[in-house]
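Okay, so here's the structure we're looking at.
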Amino acid sequence: MKLTHVSVEGCGKFGTLTRIEGLGPGVNILSARNEAGKSTLFRAIRACLFERHSSTNKDISALATDGLSLPVTITVGFEKEGHHYQIRKSFLKSKAASLSCDGVEMARNAEADEEVWKLLGIEARSSRALDGAAYGILWVEQGRSFEVPEPSEGAKSVLNAVIQQEVGVLVGGERARLFLNGVKEDLARYLTDSGRPRVNGPLDAAAKETARLTGERLDVEARLATLNGKIDELARLRADYKAASDPETMRTLRDELKDAQRRLTEAEKSDAELTRLAGDERQAHERAEAQRERLDALKARAAAIDEQRLRLKELGARLAPLNEQEQAATKALQVAAAQKAGLDREAETLDSRESELQRLAALGVKLEQRGKLSQRLMLLEDFGRRAAGNDAALKAASVDEAALKALDAIENEERQIRAGMEAGAARVAIEARHGADVAVNGTAISGNAMRSVTEPLTIAVGTEVAITISPPPATLDTAMKQLAQQREKLQALLSRHGATSAAELRQLRTERLHLEEQARDLRAERTALLLKESLATEIAGLQAAIGEIDAEQRRVLPEGGVPLLAPEEFERQREEITESRNALRATRAAAEAQITAHQATLTSLATTRGTLGGQIAAIHAQLDGDLAVLPDDGREAMTAECANELSTRQTAHRITAAALAEKQAQAPAEGEADRLKARVERLSSAIDEQQKKAARLREGIARLEGEVQISGGDGLGEHAATLKLQHEMALAEEERLGERVEVLKLLRDTVDRCYARRQEELNAPLRRHLKPFLNDVFPQAEIELGESFAVAGLNRSGPGSELFGRLSLGTQEQVAVLVRLAMGAMICERGTDVPIILDDALVFSDDERIEQMFDAINRAGRNQQVIVLTCRSRSFASLGGKQLQII
Amino acid sequence: MRIIHTADWQIGKPFRNFGEKESVLRQARLRAIENIGRLAATEAARHVLVAGDLYDNEAPSNKTLLEPLERMRGFPGVDWHVIPGNHDCHRGQGIWDRVRKAGLPANVHLHLDPTPFELGPEAILLPAPLRRKSEVTDLTEWMDQAAAAPGLIRIGLAHGSITGFESGGEANNPIAPDRAKRAGLDYLALGDWHRTMQVNPSTWYSGTPEADRFNSQELGQVLLVEIAGPGATPIVSTRPTGTYRWITFTEEITDAADLDGLEQRLRNLPNLSGLLARLQVKGTLDLTARADLSQRLAQIEAAMFWLDSDLSDLHVRPTLADLEQIDFGGVLREAADMLKAEAENPAASPVERRRAEEALVQLFVMTRDSKAQAA
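Order-wise, the sequence lines are chains A and B. The first sequence begins at 1 in the working numbering and counts up by one. The second sequence begins at 1001 in the working numbering and counts up by one.
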């Protein structure tokens, strides 16, 4: 098929009739400025060939010329297999289509639409957009030239058909592809691309239905189980109610209760009678016992009175001899006391004598001490005098170490002054030769002498010659002044310390050092004296102590008194006193022992008298009391009356005891009343509980009946059975669909694997057609083709290929156009001649590469029609081919 | 005297797995009651004994509850005697209380207690109603001691399984096999088994009046029982009452040539439109025949009331011609070869082999269809 002419009217900027002139075989180029309407013409050709004339889609609407009410009229002429065809369509208004062949109309309107498609080898479709098949990949609109061609299903079919013609039917690529598409389409109803169940697809719907039925079934079965449980519970309650409300049972219970109540009343009455009789018996017994005790007490009291009277007699006999014994003891005590008093007086006399002796002895000791005190007093007084003398001498001798240092300093200063004078003074050498009479400052010299002139020096040679040599006056004055100052300082120092010369000052210093030595000795002596206080205090203390001893002596030994005893005498008298005292003490102890013995005798007698008196008084008191209760004259009468009363009471007790025993023999067994009482309570409670239970059961039955009626009446069981069946069916359906999906997946994967294995074989024809085009632009390069003719990469003699997406935009566009050219060539070679249209392509190519691309385009133009639309007239000038014009 | 013995009506049983035909099958069960009523009238059988499981479950909807009662009411000359079975056992406030509250037709007698009931002057009925789904004791035992006037025919009515007999019942409600003899029964009418069965000359299971499952009674029927008098052996005969026939059969095929015979046998079955069939096909077929079989079965299914084909044991063994039918070479042929190898791979699991077979069938059918379209 080759386009031969194109005309448009009312189409885009072409409001009036416009034609493309010059279309022919090989390369055609329509070069025009921007907005000249090239792309409009491209779209118009497509619309005329591929759109139904009745279509009003947006692409068609977009073609209409603004502001005009004309229809969009497009006419396309083409040549195919030696015939000239023309299709003319009017869109939007006055819609019409007409197809003619060699000038003869062969179809109109819809038929014309479809006849064109048949001629072009395009499958007609009514509902979906038309698949342009080979035209889709070979007609490249503006801006799409750099995209890798992605063949539509129709295009794939065309390409595969071509490939199949070349490689033979054994590869079966196109059938496999169509088959795979069918399987995938079928599978896509069930699953998404990621393999998950498609939402609302059959598999998903089945799973949801299963889940829904599972939930509903569980719910209904739970409700049914509840209903069944209630029915069972109802049956149980009814059985219980029947048992609880059985009239025979109730009657039996009531009869038993009545009988028990009657027997209980009787038992209680018997118990009360017994209690009363037992009380009477106990009371009678107590009264008899009380009377017995009263009689016994009377008898005991009479016996006690008699016994007390005997006791009083006995005690009176024991009290009588006690007075005599007491008088004898008192007299002996008085004698012993007088003896003791005499002994005490003798002892006092001895004590006075001994005290006197003690005073004399003490005085003797003190007088001995007085001598020692006097010696120490003299020693201290002597030390005191010497210490005072040393202190006075030290105070007078004021030349201390500082004064001596000051003296040394003055003398040093003077020496330095003089040394200075000497150093600065002229030196005079004098040689007194033998026999010469030479004197210096009046002192004769002999031999060699050397003098410094620090003061006027007079050298006399003989008498005739006297030579005076003086230092310079200024130097001399200065030195003299300094010396005078030193002398003043010396004089002041000497004066301060009472010396007249330096030597004396130094002598005074030596004397002071001697005094200081003495002072140190005195301090050592003082230490040896062991003074506890100051020397003066110590002396005063000694003087006071001596004074006190003297005073004591005067007091003890007044002038004319007893002289001091000799020690032997003192000792003898003292021993004599001691012996006398010891003898007195022994005598006195004996007297005291006698006194104590007599006093003990008296005390014992008094105690015995008291004890006996007390006993007698107590017996009298008791006796008086007993006699008051039981006087001697009424004793017999009272005892007889009491015995009679006792006899009466014992008789009464015997009667009541007999009555009690008789009643006890007739009474029911012990505890019978309690047992009957418990039975009555039990039966009453049982009847009551039975009635309550029946009431409760009635209530429960009514409630359950209501509930069962409500929940059972809606066909729950029937619903559950249906749901069970539905659920099983849903599970089976889900499993069936799951299995169907697995089968489809297996089929898809198997065919996919086989298809992939054959891919290289399927790509070989395209690769062969691509090679010359590729050599025009990329010599030695190879293009890697993937599935469905996809371009994976470009291999340009390197070890690896470059991914298509990483190539420059220019290279991408060139490769994409070359692939399209190869596809066109391949299709063309197999008899399907489809023109190639490139609208504004190669926009990213440089000057060198565009020339190479022109070569490739011209190569394509050798076998098929190529139409190039461009706005770059200069760049495309070297493309060659036929220049088209818009007229 | 003549009586009709029936059981296991199971009114309200769902047939949801039969899709839109469910209502037809449910209606058929009700129609069977009318058939029984008409039969009773025709055969001059005054009493119809329903030996349990009148209803399919204990809690049906009100409509389901009333429908069989109304059908029975429609035959006033017939006395219907009903006992509860394991599907509709009698419990307080249960289904039978609902029935009573709903208004029991005068000619319908519920026997909810084991109490003798006179069937006119000739016979006495000894019912053994179930009060639980599953009884562990023999509820017919009381019949041994049940007193009845001399000269009366003694008829027992029970629902359960004869102990030691074939286990065809649904629940464990034991009935002594010699109950009729022990209790002096002239006839013991039993329910529970959906297939008619004679236990001994005096003891029968009637089966269901309208078949409801495969592998059981094919066509619903009842028993017409004639008892000449006390001690006489009953004469029992079957009477069809069902509309739909349920059959199950297995066909073994190994060759495409077998398909004609199979189709012929299926088409020759009587009354296809009233037939429910479960067909299991075993053996092996090539792909062409397998596809052919599917097509034939689809046609036969349309002719029948219901056809359930189970081809899970029918294995596919593609021939060279089958594979060439897919393609002589190329991608699809390779795929077919791979699937064939997998289907025959002994190391693969049965599921995997089965899947490969199905995929192969799918490949075959799809390629054949596409070729047909292309042609």
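Beta carbons: idealized from backbone N, C-alpha and C, even for Gly.
is_contact[residue i, chain A] using C-beta, thresh 8 Å
| i | result |
| --- | --- |
| Thr-1367 (chain B) | yes |
| Arg-1213 (chain B) | no |
| Gly-1012 (chain B) | yes |
| Ser-1199 (chain B) | For clarity, residue 1199 (chain B) is Val in the given sequence; the question names Ser instead. No, Val-1199 (chain B) lies away from the interface with chain A (no Cβ there is under 8 Å from its Cβ). |
| Arg-1355 (chain B) | yes |
| Leu-1307 (chain B) | no |
| Ala-1335 (chain B) | yes |
Nearest-angstrom Cα separation, counted from residue j out to residue i
| i | j | result |
| --- | --- | --- |
| Pro-1127 (chain B) | Ala-1007 (chain B) | 13 Å |
| Ala-502 (chain A) | Ala-397 (chain A) | 15 Å |
| Leu-1104 (chain B) | Arg-1026 (chain B) | 22 Å |
| Phe-50 (chain A) | Arg-196 (chain A) | 38 Å |
| Pro-1177 (chain B) | Gly-1052 (chain B) | 18 Å |
| Val-220 (chain A) | Glu-718 (chain A) | 10 Å |
| Leu-1069 (chain B) | Leu-704 (chain A) | 26 Å |
| Ala-764 (chain A) | Leu-725 (chain A) | 58 Å |
| Lys-489 (chain A) | Ile-430 (chain A) | 37 Å |
| Ser-39 (chain A) | Asp-839 (chain A) | 7 Å |
| Glu-1118 (chain B) | Leu-1125 (chain B) | 6 Å |
| Ala-317 (chain A) | Ala-284 (chain A) | 51 Å |
| Leu-953 (chain A) | Leu-203 (chain A) | Shown here, chain A extends from 1 to 887; a query on residue 953 (chain A) therefore has no answer. |
| Ile-577 (chain A) | Asp-550 (chain A) | 29 Å |
C-beta neighbour in chain B for residue i, strict 8 Å
| i | result |
| --- | --- |
| Asp-714 (chain A) | yes |
| Ala-890 (chain A) | Since the first residue of chain A shown is 1 and the last is 887, residue 890 (chain A) is not available in this structure. |
| Thr-210 (chain A) | no |
| Phe-888 (chain A) | For chain A, the structure presents residues 1 to 887; residue 888 (chain A) sits outside this window and is missing. |
| Cys-871 (chain A) | no |
| Leu-785 (chain A) | no |
Residue from the options with nearest C-alpha to residue i
| i | options | result |
| --- | --- | --- |
| Glu-739 (chain A) | B:Met-1304, B:Glu-1210, B:Arg-1353, B:Ser-1061 | B:Arg-1353 |
| Leu-3 (chain A) | A:His-83, A:Met-853, A:Pro-71, A:Ala-600 | A:His-83 |
| Thr-1248 (chain B) | B:Leu-1219, B:Ala-1257, B:Val-1236, B:Gln-1264 | B:Leu-1219 |
| Thr-832 (chain A) | A:Thr-75, A:Ile-163, A:Asn-57 | A:Ile-163 |
| Thr-16 (chain A) | A:Ser-55, A:Ser-31, A:Val-72 | A:Val-72 |
| Val-1048 (chain B) | B:Asp-1138, B:Asn-1271, B:His-1005 | B:His-1005 |
| Asn-448 (chain A) | A:Thr-454, A:Leu-457, A:Ala-436, A:Thr-458 | A:Ala-436 |
Distance cut-off 7 Å: residue i Cβ against heavy atoms of the ligand FAD
| i | result |
| --- | --- |
| Asp-102 (chain A) | Judged by which ligands are present, the structure shown has none, so any question about the ligand FAD falls away. |
Environment of residue i [buried if 16+ CB atoms lie within 10 Å]
| i | result |
| --- | --- |
| Gln-814 (chain A) | buried |
| Ala-188 (chain A) | exposed |
| Gln-864 (chain A) | buried |
| Ala-1171 (chain B) | For Ala-1171 (chain B), the predicted model reports a pLDDT of 49, less than 50, meaning its position is unreliable and no value from the coordinates is stated. |
| Gly-173 (chain A) | buried |
| Pro-1084 (chain B) | buried |
| Arg-415 (chain A) | exposed |
| Leu-513 (chain A) | exposed |
Residue range of the unbroken beta strand (DSSP E) whose run includes residue i
| i | result |
| --- | --- |
| Gly-447 (chain A) | 447-453 |
| Pro-1127 (chain B) | 1123-1128 |
| Leu-794 (chain A) | 791-795 |
| Ala-432 (chain A) | 426-432 |
| Gln-334 (chain A) | First-last for Gln-334 (chain A): 322-396, but that is the alpha helix (DSSP H), not the beta strand (DSSP E). |
| Ile-783 (chain A) | 782-785 |
Host alpha helix (DSSP H) of residue i (start-end)
| i | result |
| --- | --- |
| Phe-78 (chain A) | Here Phe-78 (chain A) belongs to no alpha helix (DSSP H); instead the beta strand (DSSP E) covers 72-80. |
| Tyr-1205 (chain B) | No alpha helix (DSSP H) holds Tyr-1205 (chain B); the beta strand (DSSP E) holding it covers 1203-1205. |
| Lys-489 (chain A) | 473-497 |
| Arg-1182 (chain B) | 1179-1182 |
| Met-638 (chain A) | 635-666 |
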